Amino acid sequence: MIHYIKEVYSGRLIIDIPSWSQETKIAVDAVKGIHGSKINDTNIVLSTHIYPGAWNQGTNRWLSTADLDEMASAGLPCIVEEFGQDNSGGGAKVSALVNYASTKGWTVLAWA
Numbered sequence: 001m002i003h004y005i006k007e008v009y010s011g012r013l014i015i016d017i018p019s020w021s022q023e024t025k026i027a028v029d030a031v032k033g034i035h036g037s038k039i040n041d042t043n044i045v046l047s048t049h050i051y052p053g054a055w056n057q058g059t060n061r062w063l064s065t066a067d068l069d070e071m072a073s074a075g076l077p078c079i080v081e082e083f084g085q086d087n088s089g090g091g092a093k094v095s096a097l098v099n100y101a102s103t104k105g106w107t108v109l110a111w112a
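Using UniProt numbering, you'd call the opening residue of the sequence shown number 1 and step up by one each time.
If you want it as structure tokens, here you go:
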């Protein structure tokens, strides 16, 4: 899919990582080519979404700073493209995760 987009657009492409943008390992593995095809385009930005119910199915836990570190290990720019508080409950620490992403120099965009 990236190849087809890049045929008509040469700018940076933001990719939401899988599963509501919370499966960091799947995204990092794709960038590194761990399970076959590798994302070779370096003009890519990985994006995550942070909400109280943010659950990383691959690690079977609430989204954490370790997941943000894992995203960063891909060697591509990363952003928090969407975040917010809601009443859904959950154990992801939204404020702490957003602050942590900011300390890493990531762009953080709120979603209303």
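C-beta atoms are modelled at their ideal positions from N, C-alpha and C, and glycine is treated no differently. Note that the structure is a prediction, hence the values are computed from the model and not measured.
Measuring alpha carbon to alpha carbon, tell me which of the options ends up nearest residue i.
i: E23; options: T59, Y9 and I39; result: T59
i: G89; options: M71, W111 and W55; result: W55
i: N99; options: W111, I50, G11 and I34; result: I50
What does the Cβ neighbour count give for residue i, buried or exposed, with the cut at 16 atoms within 10 Å?
i: L109; result: exposed
Return the CA-CA distance between residue i and residue j, expressed in angstroms with no decimal places.
i: S19; j: A92; result: 15 Å
i: D16; j: E7; result: 20 Å
i: Q57; j: G11; result: 31 Å
i: H3; j: A66; result: 30 Å
i: I5; j: W62; result: 32 Å
i: D41; j: I34; result: 16 Å
Going by beta carbon distance, what residues of the same chain come within less than 8 Å of residue i, once the five residues before and after it are set aside?
i: residue 173; result: With the chain running from 1 to 112 in the structure shown, residue 173 is simply not present.
i: C78; result: V45, L46, S47, T48, L68, M71, A72, A101, K104 and W106
i: A96; result: T65
i: S21; result: S47, T48, H49, E81 and E82
Counting only the same chain and skipping the five closest in sequence on each side, list residues whose C-beta sits under 7 Å from that of residue i.
i: P52; result: Q85, D86, S88, G89, G90, A92 and V94
Since residue i and residue j are thought to touch, with beta carbons under 8 Å apart, how far apart are those beta carbons, to the nearest angstrom?
i: residue 117; j: I14; result: Examination of residue 117 is not possible in this model, given that the chain is present from 1 through 112 alone.
Quick one: what's got a C-beta closer than 6 Å to residue i's C-beta in the same chain, skipping five residues either side?
i: W111; result: E82 and G84
i: A27; result: I17 and L46
Please find out if some non-hydrogen atom of the ligand MN comes closer than 7 Å to the beta-carbon of residue i.
i: K38; result: Only the bare structure without any ligand can be found here, which leaves the ligand MN out of the picture.
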